[in-house]
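Each remark here refers to the structure printed beneath this line.
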Amino acid sequence: MYQELTPAGENAVAELAGRYGVSTAAVRTMLDAVNAGRGTMAQFNVPELGGGGQWMRGGMTMVGNMFDHGLKARVDGLCRDLSELLANQQVYPPAQSSSGFGSSWWPSDLGSPSSSGGQNGSQYAYFPGSRRLAVLANGRLSIYDTLDHSIGGVQQQQGGGPGSLEFTSQYGTFTAASLPLVDPSQSAQGPSRTPEQAPAPSPAPSNFQPRPSAVSEPGSPGGMNIDEVTSAIESLASLHNKGILTDDEFFTKKAELLKRI
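Under the UniProt record's numbering, the first residue of the sequence shown carries the number 1, and numbering increases by one thereafter.
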């Protein structure tokens, strides 16, 4: 029994079947296998593709006849295309939620989502125009900035409970928790500021502070006793050793202090 597909998913399956010269049933089986592997791997048993085998994105491809390199290339190409399809299109229709929250639980300023649904006590709604993802789990609403993700699929984490939805984009599978959280009151005010866009912090103040008791301002009346000068030079030496004062600054100030004895 195959999972139900959206019209776009049906069209894509038919196109891939023609491109790779296999039946739509074979492509449907491979599609479900790649989806179960979260777009990065698949375990399958398709007679048209050599029987049992495995595929891993960026890794090795195993087919029934390990010496049939043409078949390996065909399986690898089909799985890669199916992975891209899952990342960029809504292939499976959103699961219907029975939680009773209704169809407009998200903030009204987000508008209408391109896709929405729910699984196991969680609901989601995706708004590509404003780059927002709304998730309702355990009665708590969270709004996320989707950055440059183009979400094309959603699934429940294996063994996960409420709130354990996983999403698929051109970058693979990820959870909502990996996205920047947005204040619901500012949900539709544009993309969140990323860390590299944040303003640079103000430079910290210099650690060097003059010691009034040890160093007098130039031109101040009176001289300094040798203990005061020694203490001041020791303080300057400490700052010099820490790299706060350059060699020139240290020796210039030291000479000035010695003249005040």
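Idealized CB from N, CA, C, for every residue including glycine.
Bear in mind that the values here come from a model prediction, so they are computed numbers and not experimental data.
What does DSSP give as the partner residue(s) for residue i in the beta ladder?
i, result
"Tyr-144", "Leu-133 and Leu-181"
"residue 300", "With the chain covering only 1 through 261, there is no way to say anything about residue 300."
"Val-63", "DSSP, once it has assigned bridges, lists no residue as partnering Val-63."
"Val-46", "Gly-51"
"Ser-115", "Tyr-126"
"Met-41", "Met-56"
Please work out which residues of its chain come closer than 8 Å, Cβ to Cβ, to residue i, disregarding the five sequence neighbours upstream and downstream, and give them in chain order.
i, result
"Gln-90", "Thr-6, Ala-8, Gly-9, Ser-114, Ser-115, Gly-152 and Gly-153"
"Ser-83", "Val-34, Gly-39, Thr-40 and Arg-57"
"Asn-65", "Gly-50 and Leu-71"
"Phe-44", "Thr-29, Met-30, Ala-33, Gly-52, Gly-53, Gln-54 and Trp-55"
Of the choices the options, whose alpha-carbon is the least far from that of residue i?
i, options, result
"Asp-109", "Pro-93, Gly-129 and Pro-180", "Gly-129"
"residue 314", "Thr-29, Ser-83, Gly-50 and Leu-82", "Because the chain is modelled from 1 through 261, residue 314 falls outside the range shown and cannot be assessed."
"Ile-261", "Asn-225, Lys-242, Thr-246 and Leu-245", "Asn-225"
"Gln-170", "Arg-131, Ser-23, Leu-86 and Ile-244", "Leu-86"
"Arg-131", "Gly-117, Gly-111 and Gly-118", "Gly-111"
"Tyr-20", "Gln-155, Ile-233, Asp-81 and Asn-65", "Asp-81"
Nearest-angstrom Cα distance between residue i and residue j?
i, j, result
"Ala-25", "Phe-167", "25 Å"
"Phe-250", "His-240", "6 Å"
"Phe-67", "Gly-77", "17 Å"
"Ser-231", "Leu-257", "10 Å"
"Asp-183", "Ala-176", "15 Å"
"Val-46", "Thr-29", "7 Å"
"His-149", "Ala-17", "28 Å"
"Lys-254", "Ser-178", "55 Å"
"Asp-248", "Gly-172", "57 Å"
"Trp-106", "Gly-139", "12 Å"
"Ser-142", "Glu-48", "45 Å"
"Gly-118", "Ala-36", "18 Å"
"Val-27", "Val-135", "32 Å"
"Met-60", "Val-13", "24 Å"
"Asp-32", "Leu-165", "18 Å"
"Asn-11", "Val-75", "20 Å"
"Ser-238", "Phe-174", "51 Å"
"Ile-244", "Asp-227", "23 Å"
"Lys-242", "Ile-233", "14 Å"
"Val-63", "Cys-79", "13 Å"
"Gly-52", "Ala-42", "11 Å"
"Tyr-124", "Thr-246", "59 Å"
What does a CB cutoff of less than 6 Å around residue i pick up in its chain, not counting 5 residues either side in sequence?
i, result
"Asp-126", "According to the sequence displayed, residue 126 carries Tyr and not Asp. Answer for Tyr-126: Pro-113, Ser-114, Ser-115, Leu-133 and Ile-151, listed in chain order."
"Lys-259", "none"
"Thr-252", "none"
"Gln-155", "Glu-166"
Grab me the residues of residue i's own chain with a C-beta within less than 7 Å of its C-beta, minus the 5 sequence neighbours each way, in chain order.
i, result
"Pro-93", "Glu-4 and Thr-6"
"Ser-23", "Ala-17 and Glu-48"
"Asn-88", "Ser-150, Gly-152 and Gln-170"
"Gly-70", "none"
"Val-229", "Leu-257, Leu-258, Arg-260 and Ile-261"
### Message
Any contact between the segment 2-11 and the segment 50-57? By contact I mean 3 or more CB pairs, one from each, below 8 Å.
### Response
no
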